[in-house]
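S.K.: Here it is, the structure, as structure tokens.
In my numbering, the protein residues as written are 924 to 1011.
Below is the structure:
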């Protein structure tokens, strides 16, 4: 995989996973703090904690994609086809 493909994959992962992860994190924090009221019912703080954990997974995905695709790969060792010297 070349560098351009790695950059494109990282940007796509950030847009598709990182941004929703941040929004889920904010929504989960508000819900866990007891501010998650919609209509006449309020959400349980457990839902907020679950959303916080889910958001950590969503935020970790672009980090992992970036590390895997943009890291420097070790160069292959040169192959030597020379005969081995005789044992003494």
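Where a beta carbon is used, it is the ideal one built from N, C-alpha and C, also for glycine.
Do you know offhand how far residue 978's Cα is from residue 989's?
M.R.: Residue mapping note: residue 978 aligns to position 55 of the chain shown, counting from 1. Residue mapping note: residue 989 aligns to position 66 of the chain shown, counting from 1. Rounded to whole angstroms, residue 978 to residue 989 spans 18 Å at the Cα level.
S.K.: Give a yes or no on whether the minimum CB-CB distance between residue 964 and chain C is below 9 Å.
M.R.: Any reference to chain C falls outside this structure, which holds one protein chain only.
S.K.: So, helix, strand or coil for residue 967, using DSSP?
M.R.: Within the chain shown, numbered from 1, the residue matching residue 967 stands at position 44. In this structure, residue 967 counts as coil in the three-state DSSP scheme.
S.K.: Take residue 943 and list the residues in its own chain whose beta-carbon comes closer than 8 Å to its own, dropping the five residues that flank it on each side.
M.R.: What you label residue 943 is simply residue 20 of the chain shown in a count that begins at 1. Excluding residues within five positions, the ones whose Cβ falls inside 8 Å are 981.
S.K.: Nearest to residue 929 by CA position, among 1004, 975, 991 and 973, is which residue?
M.R.: For the purposes of this step, residue 929 is taken as residue 6 along the chain shown, with counting starting at 1. Comparing Cα-Cα distances from residue 929 to each of 1004, 975, 991 and 973, the minimum goes to 991.
S.K.: If you follow the alpha helix (DSSP H) that residue 927 is in, where does it begin and where does it stop?
M.R.: If you number the chain shown from 1, residue 927 lands on position 4. First-last of the alpha helix (DSSP H) with residue 927: 926-936.
S.K.: For the alpha helix (DSSP H) containing residue 948, list its first residue and its last residue.
M.R.: For this step, residue 948 is matched to residue 25 along the chain shown. Residue 948 -> alpha helix (DSSP H) spans 942-955.
S.K.: Mind checking whether residue 955 and residue 971 have CB atoms under 9 Å apart?
M.R.: Along the chain shown, read from residue 1 onward, the residue named residue 955 stands at position 32. Along the chain shown, read from residue 1 onward, the residue named residue 971 stands at position 48. Cβ atoms of residue 955 and residue 971: closer than 9 Å.
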